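First residue of the sequence shown? That's 1 in UniProt numbering, and the numbers climb one at a time after it.
See structure below.
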Amino acid sequence: MNRDTYRRFVYIETCLYWGAGITAKKLGETFEIARQNAQASISAYRELHPSNMHYNPSLKRHEASTTFEPHYISDKPELYLNYLRGNYLTSRFWKDEDWSELSIHDVDTLFRPHLHTDITRTVVSAIQKQQVLHLYYHAKRQTHYLTIAPNQLVYASRRYHIRAYHYEANKFIDLVLSRILEASVSEEDDWVSSAEDNEWNTYVDLHFKPNSDLPEQLRNTLLVDFHLEQNIYTITVRKALQAYVLREMERLDWQHKIPLWFPVQNHSPSE
């Protein structure tokens, strides 16, 4: 299956499962193809998956059948909503196919720190080219020069971070991208891979439970929100990123001024 056909099948399933249905006109307009080509794509999909859709003559569209099973998309709601959010963010960067009739309003984008274009380009390029960088960095305690081998981009706490090897400290560290004041490529040192970053390559399970000091209704709301078993919320995360999870989970509730969650030590699933 070529890429164009695959993308059309993905779109057809998205409209069938998460939307109101699909028409040749809609498919043609989205991919800028002739109506007959769009109809051929729908027919090809139906031939491969005949039990997935039926034609509604009154509305003149193809709709999902009661026996629909996805073959090219996920049926998980959180992934679909993530897709909507990602599509919104993509549309702010370049013009792409609009695959959804639903709009999503991303408030998080209102709180992003300022990023320097030249510095960001240098850092992103260095990750891809495996280059070493000299930085002038504004840390909380002091502004200083350092040499790093950047390996990973991380988005956490509404900010972009860089996971990098710090040559002077001889260890892997996290840096906030917006706090890099200067960045230049160094030819003096060999690039160090994240394959040597034990904390990045190790996963840990973090367990939390609703704060017992919260009102009962709020505790129950947290249990419903996250569909928790045994009243425990378990998050599997890279060890290098666990501080971001702890920061988020232990933040104070804006109304009650106490943490929503407490960490649970030594929890086992059988408890």
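The beta carbon of each residue, even a glycine, is placed where N, CA and C say it ideally should be.
Everything numeric in this text was worked out from a predicted model, so none of it was measured.
What is the C-beta distance between residue i and residue j, in whole angstroms, given that I count them as a contact (C-beta under 8 Å)?
i      : j      : result
Tyr137 : Ile180 : 6 Å
Ala20  : Gly28  : Actually they do not touch by this definition, with Cβ atoms about 17 Å apart.
Ile232 : Lys209 : 6 Å
Val132 : Ala149 : 5 Å
Leu241 : Val154 : 7 Å
Arg158 : Arg112 : 7 Å
Leu102 : Ser178 : Wrong, their Cβ atoms sit about 31 Å apart, outside the cutoff.
Phe68  : Asn52  : 5 Å
Val185 : Ala126 : 7 Å
Asp189 : Phe172 : Wrong, their Cβ atoms sit about 15 Å apart, outside the cutoff.
Asn151 : Ser193 : 7 Å
Pro70  : Glu13  : 6 Å
Ile191 : Gln128 : With the sequence shown as reference, residue 191 is identified as Trp, and Ile is not the correct amino acid for it. Their Cβ separation, rounded to whole angstroms, is 12 Å, which puts Trp191 and Gln128 out of contact at 8 Å.
Excluding five sequence neighbours on each side, which residues of the same chain lie with their C-beta closer than 6 Å to the C-beta of residue i?
i      : result
Ser41  : Arg8
Asp253 : Leu260
His207 : Ile232, Thr234, Val264, His267
Ala38  : Ala24, Leu27, Gly28
Thr109 : none
If I measure Cβ to Cβ from residue i and keep anything under 7 Å in the same chain, skipping five residues before and after, which residues do I get?
i      : result
Asp75  : Tyr17
Val10  : Tyr72, Ile73
Glu182 : Leu135, Tyr136
Val204 : Val237, Lys239, Gln242
Arg247 : Ser157
Val176 : Arg159, His161
Taking 6 Å as the cut-off, is the beta-carbon of residue i closer than that to any non-hydrogen atom of the ligand SAH?
i      : result
Tyr167 : Ligands are entirely absent from the displayed structure, and the ligand SAH is therefore not among its contents.
Name the DSSP beta bridge partners of residue i, please?
i           : result
Thr143      : His138
Leu153      : Ile162
residue 279 : Residue coverage of the chain in this structure runs from 1 to 271, which leaves residue 279 outside it and unanswerable.
Met53       : Ala64
Val132      : Ser186
Pro263      : Phe208
Tyr233      : Phe208
His228      : Checking the displayed sequence, the identity of residue 228 turns out to be Leu instead of His. Looking at the DSSP assignment, Leu228 forms no beta bridge with any residue, so it has no partner.
Ile148      : Leu133, His166
Asp252      : Position check: residue 252 holds Leu in this sequence, whereas Asp was assumed. Bridge partners of Leu252: Pro259.
Near residue i, what residues of its chain come up, given a Cβ to Cβ distance below 8 Å and the 5 sequence neighbours on each side ignored?
i      : result
Arg251 : Pro259, Leu260
Ala195 : Asn201
Leu223 : Pro210, Asn231
Val123 : Leu133, Pro150, Ile162, Leu177, Ile180, Ala183
Glu199 : Phe172, Arg238, Lys239, Ala240
- Query: Is the region 211–218 touching the region 164–174 in the sense that three or more CB pairs, one from each, lie closer than 8 Å?
  - Reply: no
- Report yes or no: do the region 142–152 and the region 77–94 share at least 3 C-beta pairs separated by less than 8 Å? no
- Between the region 58–65 and the region 12–25, are three or more C-beta pairs nearer than 8 Å? yes
- Could you pull out every unbroken beta strand (DSSP E) segment of at least 3 residues lying fully inside the region 165–225, listed in chain order? 171–176, 180–186, 203–210
- Residue ranges of each alpha helix (DSSP H) within the region 11–54, 4 or longer: 24–31, 35–48
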